[in-house]
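Let me begin by presenting the structure, written as structure tokens, before commenting on it.
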Amino acid sequence: MALTGNWPLTGNELLSSEILFDAAGLTWLFIRAPVQIKQARLARAFSGVDVGDEYRQLSRQWLIWGLIITVPLVMATWFMIAKPASGFY
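In my numbering, the protein residues as written are -8 to 80.
Structure representation (structure tokens):
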């Protein structure tokens, strides 16, 4: 849409949104995805009785990082909708 409207991709709101989106993606790639992979490996070894302390700890990390990653995505959406004049406040 930005290209169709001939808007610069380095405008405050677009650049801010791109940076926030990239930060969320990198956080997911390097922190949350490895936790999820470890959880999947542990899940294969479940005996059906208890998931274990390590799985619970990884589950907490996965949830916390998921909530943290949501913040820049919501902020990026706000920047694109509100189009504030100065980007980051």
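Virtual Cβ for every residue (Gly too), placed ideally from N, Cα, C.
Proximity to Pro25 [Cα-Cα], best of Leu11, Tyr46, Asp41
As a position in the sequence shown, residue 25 is number 34, starting the count at 1. Closest by alpha carbon: Tyr46.
Are the CB atoms of Leu54 and Lys29 nearer to each other than 7 Å?
Taking the sequence shown and counting its residues from 1, the one referred to as residue 54 is at position 63. Taking the sequence shown and counting its residues from 1, the one referred to as residue 29 is at position 38. No, the Cβ-Cβ distance between Leu54 and Lys29 is not below 7 Å.
Cβ pair Leu11, Ala67 closer than 7 Å:
Taking the sequence shown and counting its residues from 1, one reaches residue 11 at position 20. Taking the sequence shown and counting its residues from 1, one reaches residue 67 at position 76. Contact flag set, yes.
Cβ-Cβ distance between Trp19 and Ile60 below 7 Å:
Position 28 of the sequence shown, counted from the first residue, corresponds to residue 19. Position 69 of the sequence shown, counted from the first residue, corresponds to residue 60. Yes, they are a contact pair.
Roughly how many angstroms lie between the CA atoms of Met71 and Gly57, to the nearest whole one?
Locating residue 71 in the sequence shown gives position 80, where the first residue counts as 1. Locating residue 57 in the sequence shown gives position 66, where the first residue counts as 1. Going by the C-alpha atoms only, they are around 22 Å apart.
Please report the straight-line C-alpha distance between Phe79 and Gly2, rounded to a whole angstrom.
Within the sequence shown, residue 79 is the residue found at index 88, counting from 1. Within the sequence shown, residue 2 is the residue found at index 11, counting from 1. Low local confidence applies: a pLDDT of 49 at Phe79 is under 50, so the model's placement there is unreliable, and no value is given.
Does the Cβ of Ala15 have 16 or more other Cβ atoms within 10 Å, making it buried, or fewer, making it exposed?
Residue 15 sits at position 24 when you count from the first residue of the sequence shown. A residue is called buried when at least 16 other Cβ atoms come within 10 angstroms of its Cβ; Ala15 meets this threshold and is buried.
Backbone CA spacing between Arg32 and Val62 [nearest angstrom]:
The residue given as residue 32 occupies position 41 in the sequence shown. The residue given as residue 62 occupies position 71 in the sequence shown. So the two alpha carbons sit approximately 28 Å from each other.
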